[in-house]
Structure formats: C-alpha cells, structure tokens
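A.B. asks: Those protein sequences? They're chains V and A, same order as listed. First residue of the first sequence? That's 12 in our numbering, and the numbers climb one at a time after it. First residue of the second sequence? That's 254 in our numbering, and the numbers climb one at a time after it. C-beta atoms are modelled at their ideal positions from N, C-alpha and C, and glycine is treated no differently. Following this message is one structure expressed as structure tokens.
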Amino acid sequence: MRLLLGSLFALLVAAVVGLGTTWLALSRGVAFGAIPIGSWTAWPRTGTPDVDPYARATIARTGELPVGSGDGVAFLARNDDVGRPLDGRCDVLVNGTTPQARFWTLTLYDATGRLVGNSVERHGFTSQEIVRQPNGSFDIVIAPRARSGNWLPTNGIDSYILVLRLYDTPVGVATRASREAPMPAIAVQSCR
Amino acid sequence: MIRWLLWLIAGALLGGIVHLVAVLILPRTATQDAYSRISPVTPVNTIAALPQPAPQQEVIPFMDPAFASAVCRYDLSSGPLKLTAPVSAAYTSVSFYTRRGVAYYAINDRAAGRRVIELDLMTAAQRAQLPEDEDVTAADRLIVESPSTTGLIVLRALAPEPGLMATARSALAAARCQLQ
C-alpha cells in the first residue's frame, strides 16, 4: 500500500514538474544562443538548421516562420531599457542607430505576434521611409495618440512587442558585442 | 518522512525526463504550426500569394507587414522541384522551411547575384540519383537539398514604402515553382 501511494505520488510530481516546466519554457520562448543587446534580443541560430529543440518546439507551438539566416536576423524587445514591460498607454521613444544592414524594418505586434489595428494602418517603419536626423540617427515615438515625426500607434493596448528585423546584414550567429551591433535605445517618456 | 522525500526526488527526476520528451515530441504533434496554417490556403507545388498581414487576419503570426510574400508548399515525393523567382526592385529573399518549420536554407537577391533566382530543390536521395555528367554541367546551377519530403518555400519581396506594395506583389506573381 505504501509502495503504491509512494509511486503514485512520484508520478504526480513527475507530471506536474515535467509538463509545468515544458509549458513555462515554451510560453516564455526559451532558446539557446541568445544575443542580448540593450533591451533587444536575437536568436540567430533559430534561423539555421542547428535550431535547438526548445526553439523548434516554440516555433511549432506559435506557428511562426523564423527569419532564415541567409535572409536576415530579428531582434525582439518586450521591455524598455530599465526593464519595464512595454505598455501601449505610454509614450515610448525609440532612438539611435541600427547595425549595418541593407534594409531594416521595425514592427509592433501584440503579445501573440499579431498586428494591432489602428486608424492610420501603420504597423511599423522600414529603413527607407523613416525621417532621420542629420547625423543619421532616428527617433520613433510609439504612442497611443498621434505625434509629429515618426509615429507608431499602439491603439492603447496593454502590452506589445517590438521586432527590429535586419535584412542582408553581417549580424548573425558570430555577433557577440553591442559594439558590433548598435541597437536603438527604448525609453518611456510619459504614461497616462 | 525520508521515504516521502525519496519519492519526491524520484518524481522530480522523472519529471525532468517527461520535460525533455515533451519538448522533443511537441513539434511532431503540433496542429497549429506554420505548415498546417498555410496548407488550407495553398495548393501543392505551385506558387500562391499569401494574403497581406492585417490585424485579425494573419495566416501566421509575426509576419513582416512591409513584405509581400508568396509560398510554394512542396512535396518532392514524385520528383525534384524547380524554382524561378525574378528579383524585385528593392529586396527579395527565398527561404526554405521543413515540414516542422526549421529554416534550413535562405538566400537573398544579392547572394544569388542575378536578376532571377533559379534553384533546384531535391531530397538527398534524388540528388544522389543525378547522373554524374549532369552534376558537372550543373556547376552554376544552385541545388538545394531538402531534409524533408514536404515543406515550404517562402518568397518575400520588400515594399520599402506602402505605395510600392503593388510592385512587390507583382514581382512575386511572376515566380514559378514546378516539378521537373
């Protein structure tokens, strides 16, 4: 009887621990080979045949198609530079320069990777349409209400994800430091 | 007390195994992966344009809205595939994914170095069957080996500004993907 109870207990622990950790790992998008630069993180190995099992499982679960390494690399940001989650009710300034690339795009998604509806049908910017300062850097204001300059509307959603994709770029699996890949800063200006 | 602690440790160890097995078999059991989402809107071994991502109507998540995309859902069981894609004005790329969404190869217009990206896609077995002399004459022919019999080829053309989206889409409309 004791043996039966004990093994049932062990099996219950196994199920909770095993499935719980799996769910945690996949819902947080755990993957190896991350390159964190400022508030941005890229997983260039996810776009190669050497993709690790966690990234494989995450991709299968979300249904996304990762950017292939011969195409480019995607940097994700969920937080601002001081670590607070990005909130669509705040005015957020993305400012700086991007790593070397033939083209880049910045896109705003909700937490599940879908575009956010807004009245001006703007979901992001490409490197060609951005208004730059004389020194080549740019300011993008991500805010719920219209702003002058490069304005990316949030439509006031609770949380969002920014994805900066670099196309035809030397940034990849071999990139290590932020010196090689300067990413723009993300700072909250005000919240309402 | 000690006995229960031992059972707890045994359970946690077994839990670790459950975790590893679950992570490894999940891609095989997923019903909402990219291939499954794309299958209903695309025929086999033909190029089909993917609808432009818009709020509430994306085929797959995390699509780049600055790009026009088209998909060739391939099945190599009856022979190798030939892909031709004219490059658009700004930027064009061709990415290859296995049935499970692994990006095993990607090339862009500059790496292809021509006005038209031409590729032969085949499995390892089909490549081994190529006559040897053909392999020699095919020195400038780009051969891509697919690790799986089925999968996706995704063609993407950049519209640097929204007004150029029609141009990007029409560049992709000229692409071809067919069995040899």
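#1: Give the residues from the stretch 154 to 166 of chain V that approach chain A closer than 8 Å (Cβ to any Cβ), ordered along the chain.
#2: Among V:ARG156, V:ILE197, V:GLY31, whose alpha-carbon lies nearest the alpha-carbon of V:ARG100?
#3: Can at least three beta-carbon pairs, one atom from the stretch 425 to 432 of chain A and one from the stretch 292 to 306 of chain A, be found at a separation below 8 Å?
#4: Anything in chain V within Cβ reach of A:TYR350, meaning under 9 Å, just list it in chain order.
#5: Round the Cβ separation of A:VAL276 and V:ALA45 to the nearest angstrom and send it over; I've been treating them as touching at under 8 Å.
#6: Please state whether DSSP places A:LEU326 in a helix, a strand or coil.
#7: Looking at the C-beta of V:LEU173, does it have a partner C-beta in chain A at a distance below 8 Å?
#8: Just to confirm, are A:ALA356 and V:GLY94 a CB contact at a threshold of 8 Å?
#9: Under the assumption that V:ARG67 contacts A:PRO413 (Cβ atoms under 8 Å), give the Cβ distance between them as a whole number of angstroms.
#10: Output needed in chain order: residues of the stretch 294 to 309 of chain A with a Cβ under 8 Å from some Cβ in chain V.
#11: Taking Cβ positions, are V:PRO96 and V:SER170 nearer each other than 8 Å?
#12: Taking Cβ-Cβ distances shorter than 9 Å, what residues in chain A pair up with V:GLN111?
#13: V:LEU126 versus chain A: which residues are under 8 Å apart at the beta carbon?
#14: Applying the 10 Å Cβ sphere with the 16-neighbour rule, what's the burial state of A:ASP317?
#15: From which residue to which residue does the beta strand (DSSP E) around V:ARG176 run?
#16: Applying a beta-carbon distance threshold of less than 9 Å, which residues of chain V neighbour A:VAL271?
#17: Got a sec: is the Cβ-Cβ distance from V:THR52 to anything in chain A below 8 Å?
#18: Short check: CB of A:LEU405 to CB of A:TYR350, under 8 Å?
#19: From V:THR52 to V:VAL24, what distance separates their C-alpha atoms?
#20: Closer than 6 Å by C-beta to A:ARG410: which residues in its own chain qualify, once you throw out the five before and the five after it? Chain order, please.
#21: Any beta-carbon of chain A closer than 8 Å to the one on V:GLY135?
C.D. replies: According to the data block:
#1: none
#2: V:ARG156
#3: yes
#4: LEU76, PRO77, GLY79
#5: No, A:VAL276 and V:ALA45 are not in contact; Cβ-Cβ is about 17 Å, not under 8 Å.
#6: First, the residue type needs correcting, since residue 326 of chain A is Arg and not Leu in the sequence shown. Correct three-state label for A:ARG326: strand.
#7: no
#8: no
#9: That pair is no contact at about 33 Å.
#10: PRO306, ALA307, PRO308, GLN309
#11: yes
#12: Within chain A, no residue comes near V:GLN111; the closest Cβ sits about 14 Å away, beyond 9 Å.
#13: PRO306, ALA307, PRO308, GLU311, PRO318
#14: buried
#15: 171 to 178
#16: ALA25, ALA26, VAL28, GLY29, LEU30, THR32, THR33
#17: no
#18: yes
#19: 34 Å
#20: Reading off the sequence shown, one finds Ala at residue 410 of chain A, where the question assumed Arg. Taken in chain order, the residues that qualify are ALA321, SER341, THR345, ALA421, ALA424, LEU425.
#21: yes
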